[in-house]
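For the protein sequence lines, the chains are P and R, in the order given.
Quick note: the first sequence uses my numbering, first residue 1, plus one each step.
Quick note: the second sequence uses my numbering, first residue 1001, plus one each step.
Even glycine gets a Cβ: it sits at the ideal position worked out from N, Cα and C.
Worksheet: one structure, shown below.
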Amino acid sequence: MTTPKIEMRGVAKAFGPKEVLRGVDLRVAKGESCVVIGGSGTGKSVTLKCIIGLVSPDRGRIEVDGRTLDSRTRQAFLRQFGMLFQGGALFDSLTVWENVVFRFRHGADRLPRGKARDLAIDKLRRVGLEPGTADLFPAELSGGMQKRVGLARAIATDPAVIFFDEPTTGLDPIMADVINDLIREIVVEMGATAMTITHDMSSVRKIADRVAMLHQGVIQWSGPVTEIDRSENPYVHQFVNGLPKGPIAAIR
Amino acid sequence: MPIITRILDFLAAIGRAAIGLARATGSLAIFAATAVLNIVLPPYFPSEFGRQLIRMGYFSLPVVGLTALFTGGALALQIYSGGSRFNAESVVPSIVAIGVVRELGPVLCGLMVAGRVGASIAAELGSMRVTEQIDALVTLSTSPMKFLVAPRVLAGTLALPVLTGIADIIGVLGGYLVGTGRLGISPGNYIQNTVDFLTAGDIVSSLVKGAVFGFIISVVGCYQGYRSGRGAQGVAQATRNAVVTASILILAANYLLTEVFFSA
C-alpha cells in the first residue's frame, strides 16, 4: 500500500467542554483532491487547522509523506504548501502583487522586486486577472477577485499540497463555478494534493476525487465522488440531498 | 442561602479575579519576552520596521507637539498665578522646564501615543486576526511574531524617546511663548533660567521614560490585537483594553521610574 500524502489518525480536539473532533481518521493520497463536507460547526476548519499547526490536537497523529508532523517537520511541510482562505485573507497593507509573491519578498527564497512582480503577474493571469490589478490594494477588489488573488497566492510557489477553505462561500453561482473550474484545472495541472472543506455540493462535484463526510467529530463516510449520490450512509444521504429529516439535527 | 455559602461565593469571586489578573499579567510578560527575543533573533524585516517607525513616530508629531505646546503654556500661567502669592513669579521658567521635561513631556506624549498608536495597533492586528490574515502568515512560513509584533515593538521603543524629546522642547517653548508674551518675562532671562536649571539627568530620565512608555504601548497594543476575540466586538474590546491597559501601565511605570531617578 502506497504511503498517503496526508494521514490523520484518531485526531481529537476539544475547546473547553466542547469536543469538536473526536477521532478523525483520514487518508489523502498523493495527487488526490479530497473534499471534506459537513454542516457548519462540525469541525471542518479545525481539521485543516490541526494539519497546518494553527490548532494543536489533544490526541492523535498527523503524518505527511509518512512522517509525523511536529514543529520541525511542519516548517518543511509549510514550505511546499499553499492555502486559499475563506475570505481571501489578503494583507490589506500590501498591493495585490505583493500579496501574491509574499513568500518571494519576505521568505528565504527572496527574489528581486522586478522578478517577483513579473512572477505575480504571471500567476494573476493564470487565475484570470489582468496585469492592471497587480498594483491595486485588496480593498479595491470585488469578493470574486479577492478569491482569485488568494488562489494566485496559494499557487505562487507551485506547492505540492494546497488547502481550500470554503472556496465559494459568499460568491454568486456563476463566480463560484468559475472558481471551482479554476481550482480543478490548477490542481490537475500542478499534480498537487488538494484538500478542500466546503458544504457547497456543486464544489464537491467539480473539485473532488474523493469525499469525506465529517459529522459529530468523526469521518462518517469516505469514498469516491462518483459514489456519493449512491451512498446509503444516512448522514451523506441527508446532507447531499439537503433533507431536513435524518440523523443530522437541523439545529445544532 | 446560608451566610457561610455567601461568604464562600464572595471569596471565590475574589479568588477568580486574582487568578485571572495573575494569568493575564503572566501572559503579557511572556508575550513581551517573546517579542524581545524576536527583535534580537533573525530573520529581520527592515522595511516593515521602517514603515512602523514612520507611522508611529512621524505621524504622531502633530498630536504630540500640539499637546506639549498648550500644556507648557498652561503650566506657565498656573505657576505664575500660584507663584505670585509668594512673590515667586521668577521661578516660572525653571518650574516649567522641570515639570515638562521630568514629568509632563514623557507622560503626556506616552498617553497621547497610547490613544493614537496603541489603539491603532490593536485594531489593525485584531482585524487581521478576525480576517485570518495572521493565520495566512503562518501558512506562508512567516512568523507573525517576527513580521507583525517585533517591528512594531522596536519602532515604538525607538520612536517614543525622540517624540518625548520633541515634546519637551515644544512644551518649554509653550511656556516661553506665554512667559514672554503674556507674563512679561524677558526672553533672555527665560532662556537663561531654563538652561541653568535643567540638568543632563533630567533629559536622560525623560528619554528613558519615553523608551519605556513606547515599549509598553507597542507591546500592549500588539498583545491585545494578537489575542483579539472574533468579530467586531472582539476587535473593539481589544482596542479599548489596549488604550486602558497601556495608560495605566504608563502612569505606574512613570511613578516607578521617578522613584528610581529622583528619590535620592
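Other residues of its chain near residue i: CB distance less than 6 Å, five sequence neighbours each side excluded
{"i": "residue 1054 of chain R", "result": "none"}
{"i": "residue 34 of chain P", "result": "28, 195 and 210"}
{"i": "residue 1056 of chain R", "result": "1117, 1155, 1156 and 1159"}
{"i": "residue 1032 of chain R", "result": "1219"}
{"i": "residue 1245 of chain R", "result": "1220"}
{"i": "residue 1069 of chain R", "result": "1170 and 1174"}
{"i": "residue 169 of chain P", "result": "86"}
{"i": "residue 23 of chain P", "result": "10, 12 and 218"}
{"i": "residue 191 of chain P", "result": "31"}
Residue i, enclosing beta strand (DSSP E) - first and last residue
{"i": "residue 11 of chain P", "result": "6-15"}
{"i": "residue 64 of chain P", "result": "59-64"}
{"i": "residue 193 of chain P", "result": "193-198"}
{"i": "residue 209 of chain P", "result": "First-last for residue 209 of chain P: undefined, no H or E at that position."}
{"i": "residue 189 of chain P", "result": "Looking at the DSSP string, residue 189 of chain P is not in any beta strand (DSSP E); the run it does join, the alpha helix (DSSP H), is 173-190."}
{"i": "residue 18 of chain P", "result": "18-28"}
{"i": "residue 1091 of chain R", "result": "Premise fails: residue 1091 of chain R is in no beta strand (DSSP E) and is neither H nor E."}
{"i": "residue 164 of chain P", "result": "161-165"}
Neighbouring residues, chain R, relative to residue i (Cβ below 8 Å)
{"i": "residue 83 of chain P", "result": "1136 and 1139"}
{"i": "residue 38 of chain P", "result": "Neighbours of residue 38 of chain P on chain R: none; closest Cβ ~19 Å, over 8 Å."}
{"i": "residue 79 of chain P", "result": "1141"}
{"i": "residue 75 of chain P", "result": "1141"}
Closest residue to residue i among the options (Cα-Cα distance)
{"i": "residue 1042 of chain R", "options": "R:1201, R:1167 and R:1142", "result": "R:1142"}
{"i": "residue 1063 of chain R", "options": "R:1151, R:1035 and R:1116", "result": "R:1116"}
{"i": "residue 1078 of chain R", "options": "R:1226, R:1256 and R:1183", "result": "R:1183"}
{"i": "residue 1112 of chain R", "options": "R:1092, R:1086 and R:1065", "result": "R:1065"}
{"i": "residue 53 of chain P", "options": "R:1242, R:1225, R:1134 and R:1122", "result": "R:1134"}
{"i": "residue 1191 of chain R", "options": "R:1244, R:1166, R:1097 and R:1070", "result": "R:1097"}
{"i": "residue 1071 of chain R", "options": "R:1100, R:1090 and R:1089", "result": "R:1100"}
{"i": "residue 1195 of chain R", "options": "R:1176, R:1086, R:1040 and R:1219", "result": "R:1176"}
{"i": "residue 15 of chain P", "options": "P:43, P:166 and P:6", "result": "P:43"}
{"i": "residue 1138 of chain R", "options": "P:81, P:206 and P:241", "result": "P:81"}
{"i": "residue 47 of chain P", "options": "P:7, P:77, P:75 and P:76", "result": "P:7"}
{"i": "residue 83 of chain P", "options": "P:154, P:24, P:145 and P:22", "result": "P:154"}
{"i": "residue 1238 of chain R", "options": "R:1164, R:1124, R:1181 and R:1020", "result": "R:1124"}
{"i": "residue 1102 of chain R", "options": "R:1226, R:1040, R:1200 and R:1120", "result": "R:1200"}
{"i": "residue 2 of chain P", "options": "P:21, P:13, P:32 and P:220", "result": "P:32"}
{"i": "residue 1106 of chain R", "options": "R:1181, R:1232 and R:1168", "result": "R:1168"}
{"i": "residue 144 of chain P", "options": "P:171, P:20, P:124 and P:135", "result": "P:171"}
{"i": "residue 1144 of chain R", "options": "R:1009, R:1226 and R:1002", "result": "R:1226"}
C-alpha distance - residue i paired with residue j, whole-angstrom precision
{"i": "residue 236 of chain P", "j": "residue 1029 of chain R", "result": "48 Å"}
{"i": "residue 193 of chain P", "j": "residue 160 of chain P", "result": "6 Å"}
{"i": "residue 114 of chain P", "j": "residue 1147 of chain R", "result": "22 Å"}
{"i": "residue 1211 of chain R", "j": "residue 1084 of chain R", "result": "36 Å"}
{"i": "residue 1012 of chain R", "j": "residue 1023 of chain R", "result": "16 Å"}
{"i": "residue 228 of chain P", "j": "residue 1017 of chain R", "result": "52 Å"}
{"i": "residue 1256 of chain R", "j": "residue 1263 of chain R", "result": "10 Å"}
{"i": "residue 122 of chain P", "j": "residue 137 of chain P", "result": "18 Å"}
{"i": "residue 177 of chain P", "j": "residue 39 of chain P", "result": "21 Å"}
{"i": "residue 1014 of chain R", "j": "residue 1248 of chain R", "result": "21 Å"}
{"i": "residue 157 of chain P", "j": "residue 101 of chain P", "result": "8 Å"}
{"i": "residue 60 of chain P", "j": "residue 49 of chain P", "result": "14 Å"}
{"i": "residue 233 of chain P", "j": "residue 165 of chain P", "result": "25 Å"}
{"i": "residue 139 of chain P", "j": "residue 95 of chain P", "result": "10 Å"}
{"i": "residue 187 of chain P", "j": "residue 1224 of chain R", "result": "39 Å"}
{"i": "residue 1216 of chain R", "j": "residue 217 of chain P", "result": "42 Å"}
{"i": "residue 1242 of chain R", "j": "residue 89 of chain P", "result": "24 Å"}
Neighbourhood of residue i by C-beta distance below 7 Å, restricted to the same chain and skipping five residues each side
{"i": "residue 1234 of chain R", "result": "1126, 1130 and 1228"}
{"i": "residue 127 of chain P", "result": "148, 151, 152 and 182"}
{"i": "residue 248 of chain P", "result": "39, 215, 235, 238 and 239"}
{"i": "residue 1230 of chain R", "result": "1130"}
Per-residue contacts from residue i into chain R (C-beta, under 9 Å)
{"i": "residue 52 of chain P", "result": "1135, 1138 and 1139"}
Endpoints, alpha helix (DSSP H) assigned at residue i
{"i": "residue 123 of chain P", "result": "113-126"}
{"i": "residue 1261 of chain R", "result": "1231-1262"}
{"i": "residue 232 of chain P", "result": "Neither: residue 232 of chain P is in no alpha helix (DSSP H) and is coded neither H nor E."}
{"i": "residue 1027 of chain R", "result": "1003-1040"}
{"i": "residue 1056 of chain R", "result": "1046-1056"}
{"i": "residue 83 of chain P", "result": "It is not in any alpha helix (DSSP H) - residue 83 of chain P instead sits in the beta strand (DSSP E) that spans 81-84."}
Cross-chain neighbours of residue i in chain P, by beta carbon under 8 Å
{"i": "residue 1147 of chain R", "result": "106"}
Within chain P, partners of residue i - CB distance below 9 Å
{"i": "residue 1045 of chain R", "result": "106"}
{"i": "residue 1034 of chain R", "result": "None at all; the shortest Cβ gap to chain P is about 15 Å."}
Contact set for residue i: own chain, Cβ-Cβ below 8 Å, skip 5 residues either direction
{"i": "residue 73 of chain P", "result": "64 and 67"}
{"i": "residue 1179 of chain R", "result": "1076, 1080, 1092, 1093, 1096, 1185 and 1190"}
{"i": "residue 224 of chain P", "result": "209, 210 and 211"}
Contact test: residue i Cβ vs the ligand ADP heavy atom, cutoff 6 Å
{"i": "residue 102 of chain P", "result": "Among the components of this structure there are no ligands whatsoever, and the ligand ADP is therefore not found."}
Cβ of residue i within 7 Å of any chain B Cβ
{"i": "residue 111 of chain P", "result": "Of the chains in the structure shown, none is chain B; the protein chains are P and R."}
Residues that residue i contacts on chain R, provided the C-beta gap is smaller than 7 Å
{"i": "residue 102 of chain P", "result": "1140"}
Chain P residues whose Cβ lies nearer than 7 Å to that of residue i
{"i": "residue 1131 of chain R", "result": "87 and 89"}
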